[in-house]
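As structure tokens, the structure follows; a few thoughts come after it.
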Amino acid sequence: MKKTARLIVSLLALVLVLSGCSGSPNSGQSADAASGLLERYGLASLSTDEIVEQLDQSDEQRPTELMGSVKPTELLLSDGEEQVSLEMPSDQFYISVAPYLSRTHDCFFHNTGTCQGELADQPVHLNVTGADGSVILDEDVTTYANGFVGFWVPAGSSGTITISQDGKTGSVPFSTGDQDATCITTLKLT
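In my numbering, the protein residues as written are 1 to 190.
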């Protein structure tokens with residue numbers, strides 16, 4: 001029964017992705033349903049980017065009741081009963097990175113409710129540079145309870161993400177097109 005329920009939720013997510021969702025609710029999804037789900041979780045007054053940040057930075061144990069699948073152009077929210085789609089900012093792209101020392105997991109679209117990285121609540125130095133060498137971010141941050149650190153970069157950009165901690169460093173490339181990853185779990189600190 002659980003496998004059937006997961007299959008149905010997966011198929012619904014696929015339908016949402018293929019339907020070209022906008023900032024308004026999907027066809028077949030009423031505005032009341034979208035705002036009902038957002039209100040139940042205290043998110044109704046927030047913009048999509050604020051919702052992404054709040055869910056990603058949550059201190060709740062994973063998996064959480066409300067799942068947020070971060071895609072390049074939309075945020076899919078589901079509590080297992082209802083699913084809504086919100087349009088992501090068109091000029092920004094959210095990337096969530098889980099640096100690791102010894103264990104990681106495969107990930108392409110970040111899920112704020114299930115993804116769990118190895119290094120939770122750890123101070124790290126984050127440096128993000130564009131393909132032209134320009135500095136996009138260069139700051140000390142703390143990974144969230146889920147072991148990730150998330151940030152916004154310009155849509156349509158590419159470059160390198162470097163994270164350092166206690167003399168160990170790792171770097172990975174990134175790109176921010178409509179088909180690119182929002183979840184990076186391949187940054188190993190060595």
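Idealized CB from N, CA, C, for every residue including glycine.
These numbers come from a predicted model, not from an experiment.
{"Asked": "Opening and closing residue of the beta strand (DSSP E) in which Q92 lies", "Found": "92-97"}
{"Asked": "Cβ shell of T64 (< 7 Å), same chain only, five flanking positions each side left out", "Found": "S58, G113"}
{"Asked": "C-beta atoms of K71 and T143 nearer than 8 Å", "Found": "no"}
{"Asked": "T48 vs E82 beta-carbon contact at 8 Å", "Found": "no"}
{"Asked": "First through last residue of the beta strand (DSSP E) which encompasses T169", "Found": "168-175"}
{"Asked": "Alpha-carbon to alpha-carbon, M67 and G117", "Found": "16 Å"}
{"Asked": "DSSP beta-bridge partners of H125", "Found": "D140, S164"}
{"Asked": "Spatial distance of S157 from D178 (CA atoms)", "Found": "11 Å"}
{"Asked": "Rounded straight-line distance, which links the Cα of S69 to that of S175", "Found": "18 Å"}
{"Asked": "Alpha-carbon to alpha-carbon, S78 and T190", "Found": "36 Å"}
{"Asked": "I95 and G170 closer than 8 Å at C-beta", "Found": "no"}
{"Asked": "Whole-angstrom distance between K188 and F108, CA atom to CA atom", "Found": "16 Å"}
{"Asked": "Length-filtered (4 minimum) alpha helix (DSSP H) runs lying within the stretch 21-90", "Found": "31-40, 48-56"}
{"Asked": "Boundaries (first-last residue) of the beta strand (DSSP E) holding G150", "Found": "149-154"}
{"Asked": "Selection from Q61, L38, S90 that minimises the alpha carbon distance to P225", "Found": "Residue numbering for the chain in the displayed model covers 1 to 190; residue 225 lies beyond these limits and cannot be assessed."}
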